[in-house]
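Notes follow the structure.
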Amino acid sequence: MKLCHSLRSLPVFLLTFGSLMTSMPVVADENGKAVEPNAACSIHLGWPAPAAEWFYLEGRVETSTAGSYFMVCGWNTGYFGVQELGKGRKVGIFSVWDPTKGDNPEAVKLEDRVEILAQGKDVKVSRFGGEGTGGKSMTDFPWEIGETLRCVVQARVEGEKTAYTGWLWQPKEKAWKLMATFRVHTGGKPLSGLYSFVEDFRRDGKSVHEVRRAVFGNGWVRTVEGQTQPLTKARFTHSKAPTEAGELIDAGHAPGGLYLQNGGDTKKSVSPGTVLEMKDAPKTPPADLPVELNQ
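Mature numbering (1 follows the signal peptide of the UniProt record, and there is no 0) puts the sequence shown at residues -28 to -1, 1 to 267.
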């Protein structure tokens, strides 16, 4: 299973930035050849949890730049979070993979493709490719630095398939927004393999020198047995791609949860593979989750 996935079917954002303030780190590829990375390294928090019916997590972006993906709720079949695109545009994005291999969405047989069962108002739904294939939903969402982002994913097992629904909290309206419901062949499996990540998908060489930082916390799952449990720890991991600056990464404790940071002048304070325990584990699940979770 890949821990890091980006929607590279999105356009590359050709932006002009000022002079670089740090020297370009050099890494070696699998053959030992020196390579200058063109992207900040993708970093992840893996949340140990039992098989679940739903997964709730909060995020807080502290530093961002164009071409950044702050993925809050990820699992073994999809991911859900927010992105900063070019020219200040910000979006929410919820995606589910096809169960097949390959990067061409048009090559997937109709019976193997993610089905679209529902989509929210002002949400655009389409196919994606590039790193696997599947269905994605996207909506304009002008999130702000420092505000709490709230995401929840529900999985309903339907025979050999699972229907996944994502809701994104709208702070101005104080209401949950339906992103989409996607159904896909899973062998009848619930949610598992929970994780979050921070990713640089601009990958233009300059983006290596720009910091991205986000905090994740107040996580909850409802198990398939019907018990609601907090997420109290996460394992820090990173991509080992030679085109990514693997030394400019960090993770640790922050008010409200655990942080991930990459790029720029980031210095590593913990080693990848470290399991980070929450200092203040969540005590009570939110009382205002979507009513559909209890139906």
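We put the beta carbon where it would ideally sit given N, CA and C, even for glycine.
Residue i (DSSP reduced to helix, strand or coil)
i, result
"Asn10", "coil"
"Asp84", "helix"
"Ala79", "helix"
"Gly264", "The amino acid at residue 264 is misidentified as Gly; the sequence shows Glu. Glu264 falls in the helix class under three-state DSSP."
"Lys178", "helix"
"Ala38", "coil"
"Asn234", "strand"
"Asp70", "coil"
"Lys161", "coil"
"Lys198", "Checking the sequence shown, residue 198 turns out to be Gly, not Lys. Here Gly198 sits in coil by DSSP."
"Gly104", "coil"
"Leu203", "coil"
"Ala259", "coil"
"Trp26", "strand"
"Gly245", "coil"
"Lys146", "coil"
"Ile117", "coil"
"Met151", "strand"
"Lys212", "coil"
"Met43", "strand"
"Lys239", "coil"
"Ala90", "strand"
"Pro254", "coil"
"Trp141", "strand"
Residue i burial status per 10 Å Cβ neighbour count (16 or more: buried)
i, result
"Gly107", "buried"
"Pro258", "exposed"
"Arg184", "buried"
"Gly60", "exposed"
"Ala206", "buried"
"Gln267", "exposed"
"Lys251", "exposed"
"Gly159", "exposed"
"Ile65", "buried"
"Ser243", "exposed"
"Lys73", "exposed"
"Ala147", "exposed"
"Gly218", "buried"
"Pro114", "exposed"
"Lys81", "exposed"
Spatially closest choice to residue i from the options, by CA coordinates
i, options, result
"Cys13", "Asp237, Pro257, Gln267 and Thr72", "Asp237"
"Thr37", "Arg175, Ser168, Val129 and Ser241", "Arg175"
"Glu171", "Glu78, Gly177, Gly235 and Val68", "Gly235"
"Tyr51", "Thr105, Gly224 and Ala90", "Thr105"
"Ala226", "Glu249, Thr215, Lys212 and Leu220", "Glu249"
"Gly39", "Glu182, Ala186, Glu197 and Ala147", "Glu182"
"Phe161", "Thr49, Val7 and Ala11", "Just to set this straight, residue 161 is Lys in the shown sequence, not Phe. Of the listed residues, the one whose Cα sits closest to Lys161 is Thr49."
"Thr256", "Arg194, Ile221 and Ile117", "Arg194"
"Arg99", "Val187, Lys93, Val196 and Glu78", "Glu78"
"Pro202", "Asp260, Ala21 and Leu265", "Ala21"
"Ala90", "Phe154, Met110, Gly131 and Glu56", "Phe154"
"Arg122", "Val129, Glu130 and Lys144", "Lys144"
"residue 272", "Gly131, Ala186, Leu265 and Trp115", "Because the chain here runs from -28 to 267, residue 272 falls outside it and cannot be looked at."
"Thr200", "Glu56, Lys178, Leu265 and Val247", "Leu265"
"Glu119", "Glu83, Thr35, Val196 and Leu163", "Thr35"
Residue i vs residue j beta-carbon contact at 8 Å
i, j, result
"Gly245", "Phe208", "yes"
"Gly191", "Trp19", "yes"
"Gly189", "Gly229", "yes"
"Ala127", "Thr204", "no"
"Gly31", "Gly58", "no"
"Gly46", "Ser211", "no"
"Ile117", "Val44", "no"
"Val86", "Thr215", "no"
"Val180", "Ala11", "yes"
"Val63", "Asp112", "yes"
"Ala213", "Leu17", "no"
Rounded distance between the beta-carbons of residue j and residue i, thought under 8 Å
i, j, result
"Lys149", "Gln142", "5 Å"
"Ala152", "Ile88", "7 Å"
"Asp75", "Gly102", "6 Å"
"Val156", "Val97", "With 8 Å as the limit, Val156 and Val97 do not qualify as a contact, their Cβ atoms being about 14 Å apart."
"Val124", "Tyr28", "4 Å"
"Ile15", "Leu261", "Between Leu261 and Ile15 the Cβ distance is about 28 Å, and since that is not below 8 Å, they are no contact."
Residue-chain proximity (residue i, chain B), Cβ-Cβ < 8 Å
i, result
"Gly18", "Absent from the structure: chain B. Only one protein chain is present."
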